[in-house]
Amino acid sequence: MSFKDDLEDLETAEDFLRFLGITYEQRVVNVNRLHILQRFHDYLSADTGMEGLDDEGMAARYSAHLERAYQDFVVSNAIAEKTFKVHQEEARKMADRFVPLDALLPT
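Plus 127 on top of the position in the sequence shown (first one is 1) and you've got our numbering.
Here it is in structure tokens:
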């Protein structure tokens, strides 16, 4: 079986983390599993250098991207990271509602 064939059998965030050899804390995964997987997907989608890699090279690249995605949520949180569109839209709304302090002061 090839690396890509093995990937097809993975279902959960924990499956991916274990398969790719990423050490993780269950509490981080419990709170952020979908965000970690989405960020992993985003990193993979942005990686244009995967063509022509053998299974070992591809596994190393996937592992690096998953480690990076996981670490994003170890040091931050889903709202701050704005992983999903709903978070991105909320951030835009908040920016639109921002009123600088000097705009409130009398002139």
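Just so you know, even glycine gets a beta-carbon here, dropped at the ideal spot from N, CA and C.
_If I measure Cβ to Cβ from Tyr151 and keep anything under 7 Å in the same chain, skipping five residues before and after, which residues do I get?_
Leu144, Tyr197
_On the CB-based measure, 16 or more other CB atoms within 10 Å of its CB, does Asp199 come out buried or exposed?_
buried
*Give every residue of the same chain whose Cβ lies closer than 7 Å to the Cβ of Ala140, excluding the five residues on either side of it in the sequence, and list them in chain order.*
Val156, Arg160, Ile163, Leu164
*Given that a residue counts as buried once 16 or more other Cβ atoms are within 10 Å of its Cβ, and exposed if not, what is Arg195?*
exposed
*Hey, Leu180 and Ile149: beta-carbon distance below 9 Å or not?*
no
*With 16 other CB atoms within 10 Å as the buried threshold, where does Leu231 fall?*
exposed
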